[in-house]
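J.: Take the sequence shown: its position 29, counted from the start at 1, is 29 in full-length UniProt numbering, and no numbers get skipped.
My questions all concern the structure below.
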Amino acid sequence: MASYADVLQYLSSLDYPAGKDDVVREAEREGAPPDVLRALRALPPVDYANGNEVARSAGIEAAPEVGPAQRAAQARDKRHQRVSQHLRGI
């Protein structure tokens, strides 16, 4: 599976804004592996402002070290209620 860093690495010399075809062509030129190319070929045909936008659009998470089980545990954790710190004691 392609990682966020992989996508950014193979698009580091691309000038933005860039369309899907430009993104795929640049990754091919840079020798991106098949998993990265597969993710980029699945992109919607729009103009991208930067590499981060490309990676997000490809469905690649910035923090892949946090797995689905860990994310679910964090969601259940009462300490992460997304309430301002000053309201937690009320």
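Glycine included, every Cβ here is placed at the ideal spot set by N, Cα and C.
Because the structure is a prediction, the values reported are computed rather than measured.
Once you ignore the five residues that flank A27 on each side, which residues in its own chain have a CB closer than 7 Å to its CB?
T.: Residue numbering aside, residue 27 sits at position 27 when the sequence shown is read from its first letter. Hits under 7 Å: Y10, L11, V36, L37, L40.
J.: I'd like to confirm the pairing. Which residues does DSSP put opposite I47 in its beta bridges?
T.: If you number the sequence shown from 1, residue 47 lands on position 47. Per the sequence shown, residue 47 should be read as Asp rather than Ile. DSSP lists G19 as partners of D47.
J.: Using a threshold of 8 Å, state whether the C-beta atoms of Y16 and Y48 are closer than that.
T.: Position 16 of the sequence shown, counted from the first residue, corresponds to residue 16. Position 48 of the sequence shown, counted from the first residue, corresponds to residue 48. In this structure, Y48 lies closer than 8 Å to Y16 by Cβ.
J.: Assign G31 to buried or exposed, taking buried as 16 or more other Cβ atoms, counted over all protein chains shown, within 10 Å of its Cβ.
T.: For the purposes of this step, residue 31 is taken as residue 31 along the sequence shown, with counting starting at 1. With fewer than 16 other Cβ atoms within 10 Å, it is exposed.
J.: Would you decide whether A58 is buried or exposed? Buried here means 16 or more other CB atoms lie within 10 Å of its CB.
T.: Within the sequence shown, numbered from 1, the residue matching residue 58 stands at position 58. Label assigned to A58: buried.
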